[in-house]
Amino acid sequence: MSQRGRIVAAHGRHYVVITEARERLVCFTRGKKSEAACGDLVEVDATGSGQGILLSIEKRRNLLSRSNGFRTKLLAANLDQIAIVVATSPPFSEELLGRTLLAAASIEVPARILLNKMDLVEKVEAARETLRLYAALGYPVDEISIKTNADDVSSRVAPNFERLTTLLVGQSGMGKSSLLNILVPDAHAATREISEALQTGKHTTTDARLYLLSTTGDVTQGALIDTPGFQEFGLAHLTPGTVERGFPELRSFLGQCRFVNCAHLHEPGCAVLAARDRGDITPRRYDLFAKLTRESSTFRDR
Ligand SMILES: Nc1nc2c(ncn2[C@@H]2O[C@H](COP(=O)(O)OP(=O)(O)O)[C@@H](O)[C@H]2O)c(=O)[nH]1
Ligand SMILES: [Mg+2]
Ligand SMILES: [Zn+2]
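Here the sequence shown is numbered in our numbering, starting from 1005 and rising by one per residue.
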């Protein structure tokens, strides 16, 4: 009998699915089917002893991918928001932050930033200064100290995750695992069970993992998707138009350039370049915009 579930881990042609009955099944696809992503809602047929067949994938609300220009990798599907964990120390990559914000914008999903390790008081001001720009661009920034004030995270920050599917992103060392363990108290056990089911061993952390937040049968709402602490976020699959629309500070200048097809890189009469020169667009954000435009797919093919 077929039942509905959600992909909690995708590993090659093996998938771990959590069903509405809260059963974890290792599923395989039959024949050649399109690839499923973590977060996909699926229909499965349980075949006994914890296994099943993946029958179909429901239409996705959105799908986040990363790409190096040669290969595109599905990251996660059906997201409500992306939460980016950064810390006062060690220093975080502003480029990775900017890339993640663009990735969120490219699938029209809101992003929020969590600044962790506020207890490292001598590091706080520099991190705040860096993030002021992003708050001004409209991204919510929550200051937290997971290690010294977990209760504050539970009471003030956790409600922002309720009933939503959130992709958690962060470089290693920022406190992502610590946050996950507060929001999902049984995350350790769940991780171990998923690894055992996939027989991948606990050191394989290259794939995303989905953890349900609620204990009801509803697998569509309330989930955290943990991603490996990657150092790069390739967005070569985006088009230049998606890149330009993904930078909120460019928005009011688009359509004001001399040339309708202006790429805002070196064209005369470019309103974006003029705004950067006036200081209305922060140079380091403009530089990231230009870099991502040059990396973007249709631009490369010209
Ligand atoms: N000082 C301080 N250290 C923290 C805080 N949160 C996490 N850490 C430490 O930072 C390190 C990395 O944390 P972890 O959660 O493993 O980060 P991840 O690599 O992003 O998953 C660990 O040694 C944590 O104990 C915090 O609020 N303050
Ligand atoms: Mg971790
Ligand atoms: Zn322009």
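Using N, Cα and C, we set each Cβ at its ideal position, and we do this for glycine too. Since this is a predicted model, take the numbers as computed values, not measurements.
Tyr-1290 carries a helical assignment under DSSP once its states are collapsed to helix, strand and coil. For the pair Pro-1114 and Ala-1107, the CB atoms are not nearer than the 9 angstroms cut-off. Between the alpha carbons of Ala-1194 and Leu-1277 lies a gap of roughly 49 angstroms.
Environment of ligand 3, chain-ordered: Cys-1261, Cys-1266, His-1268, Glu-1271, Cys-1274, Ala-1275, Val-1276, taking every residue with Cβ within less than 6 angstroms of a heavy atom. Looking only at Leu-1141, Arg-1262, Ser-1149, the smallest Cα-Cα distance to Lys-1127 is reached by Ser-1149.
Looking only at Ser-1218, Thr-1134, Cys-1266, Glu-1027, the smallest Cα-Cα distance to Ser-1053 is reached by Glu-1027.
It is roughly 8 angstroms from the alpha-carbon of Ser-1182 to the alpha-carbon of Lys-1151.
With a cutoff of 8 angstroms, Gly-1233 counts as near ligand 2, since its C-beta is closer than that to a heavy atom of the ligand. Asn-1066 is a Cβ neighbour of Ile-1111, given a cutoff of 9 angstroms. Here Leu-1141 is exposed: its Cβ has fewer than 16 other Cβ atoms, across all protein chains shown, within 10 Å.
By the Cβ rule, the stretch 1071-1087 counts as touching the stretch 1040-1053, because three or more pairs are nearer than 8 angstroms.
A Cβ-Cβ contact shorter than 9 angstroms links Thr-1169 with Ala-1227. Taking 9 angstroms as the cut-off, the Cβ atoms of Leu-1100 and Gln-1235 count as close. Looking at Asp-1190, Glu-1197, Leu-1217, the one whose alpha-carbon comes closest to that of Pro-1163 is Leu-1217. Here the C-alpha atom of Gln-1175 lies approximately 12 angstroms from the C-alpha atom of Leu-1119.
The C-alpha of Leu-1083 lies about 24 angstroms from the C-alpha of Phe-1293. Within the DSSP bridge table, the entry for Tyr-1019 names Ala-1014, Cys-1031 as partners. Residue nearest to Ala-1014 within the set Gln-1203, Ser-1301, Phe-1257 is Gln-1203 (criterion: CA-CA distance). In this structure Gly-1273 is exposed. Its beta-carbon is surrounded by fewer than 16 other beta-carbon atoms within 10 angstroms. Around the C-beta of Phe-1263, fewer than 16 other C-beta atoms lie within 10 Å, and the residue is accordingly described as exposed.
Listed as beta-bridge partners of Thr-1076 by DSSP are Ser-1071. Shortest Cα-Cα distance from Ser-1093 to any of Phe-1074, Met-1122, Val-1145, Leu-1184 involves Met-1122. For Thr-1195, the distance from the CB to the nearest heavy atom of ligand 1 is not below 8 angstroms. In the structure shown, the three-state DSSP call for Tyr-1143 is coil.
In the three-state DSSP reduction, Ala-1025 falls in the coil class, being neither helix nor strand.
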